[in-house]
Ligand SMILES: *[C@@H]1O[C@H](CO)[C@@H](O)[C@H](O)[C@H]1NC(C)=O
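Numbering (the numbering used here), first residue to last: 65 to 417.
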């Protein structure tokens, strides 16, 4: 069962972040930002100016008390120890921001917006150092690559995924998921008629710690994994993960040889996927196990893999459309925090997944 963190917000929670020191930040509709201890106790609350929805929060990787919060077209820099007026604000995007990412040295911040633009801000000079403009629809997610200075990946509702180097104004490489989807059709064993025409609008993005592998979640319920080699990338895995759009994907800390990926969907499910490095024998997919109606709100379902390289997966019926998922190690155990249209954050022990 999920523990509920329900004393931090009045409005639906939209985004989450955790610092290296295990402080949690959440952003919600109408300008709410809350800072939590790892026990789930609110330590501070603030309303950002303008009361716009807070769509992205990110801790500085080098200074744990520094939090970036995106709301409307603005990014506020907050001091989490004294939640008061922002230390600084940046208004460089011309449309609503959907996602922010800070590079490992806290020197660059990328902000993706509704116009499809990614603004890259130099945090030292406090100036925009690059405007990345190629998406033709909402840019839903952006992320810097670990260990690869100045390299980032973006995706959007134009179904495009792009690899950028901040020094260049044009993408190094791009892929349209719709074109990939046509090749995937005959290998997709879970396709059901209702989903045939859901276009793969890209909602979510996560890059693994190695910096060379990233995953994208899309409206067609699929997760695609890509491998970056030099200045290009290629799809190396695609599997049906949710019956509706995949609103969130998030890599977890990796054990050698295994990659764990969390996903959340508009179907109200939260899943943990184990992506095997070695190719295993393709198995005949079994029918989903239908558990008898249980009185427990939390139903566990073992699913068979939709792809030879998803070696196992477990899903939980969270029951509400997932706005954000965050894997973290809190109080010594691995947990997943889930934000949904309610004002509470749900915390699942990873053992439950
Ligand atoms: C972050 O960005 C700065 C400025 O471009 C760069 O010098 C630094 O190497 C980057 N850090 C990482 C770890 O990517």
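Note that the Cβ used here is the ideal one computed from N, Cα and C, for glycine as well.
All values reported here derive from a predicted model rather than from experimental measurement.
In the DSSP secondary-structure assignment, residue 208 is bridged to 216. Straight through space, the alpha carbons of residue 180 and residue 307 are spaced by roughly 26 Å. Restricting attention to 230, 178 and 146, the CA atom closest to the CA of residue 222 is found in 178. In chain order, 204, 205, 225, 266, 269 and 280 place their CB closer than 7 Å to the CB of residue 219, counting only its own chain and leaving out the 5 sequence neighbours on each side. In the assembly as shown, residue 286 is a buried residue. Its beta-carbon has 16 or more other beta-carbons within 10 Å. One alpha carbon belongs to residue 309, the other to residue 299, and they sit about 19 Å apart. Environment of ligand 1, chain-ordered: 167, 168, 169, 171, 172, 213 and 214, taking every residue with Cβ within less than 6 Å of a heavy atom. The beta strand (DSSP E) runs lying completely inside the region 113-188 and spanning 3 residues or more are 118-123, 130-135, 138-143, 152-154, 161-166, 172-177 and 181-186, given in chain order.
Excluding five sequence positions before and after residue 108, the CB atoms of its chain that fall closer than 6 Å to its own CB belong to 99 and 147, given in chain order.
Cβ atoms of residue 92 and residue 81 stay farther apart than 8 Å, at about 13 Å. Rounded to whole angstroms, the Cβ separation of residue 195 and residue 162 is 16 Å, and the two are not in contact under 8 Å. When DSSP states are grouped into helix, strand and coil, residue 415 belongs to the helix group. Checking the DSSP bridge columns, you'll see residue 193 has no partner listed. Setting aside the 5 residues that flank it on each side, residue 157 is surrounded in the same chain by 137, 175, 177 and 183, each with a C-beta closer than 6 Å to its C-beta; the list follows chain order.
Using a 10 angstroms sphere on the CB of residue 282, the tally of other CB atoms reaches 16 or more, which defines it as buried. Taking the Cα of residue 330 as reference, the smallest distance to any Cα among 238, 316 and 312 is reached at 312. Each residue's CA atom was taken as its position, placing residue 171 and residue 375 some 38 Å apart.
Its Cα nearest to that of residue 379, the residue 304 stands out among 340, 394, 322 and 304.
Nearest to residue 104 by C-alpha distance, out of 401, 414 and 415, is 401. By the criterion of a C-beta distance shorter than 6 Å, residue 165 is surrounded in its chain by 174, 206, 207 and 208, once the five residues flanking it on both sides are discounted.
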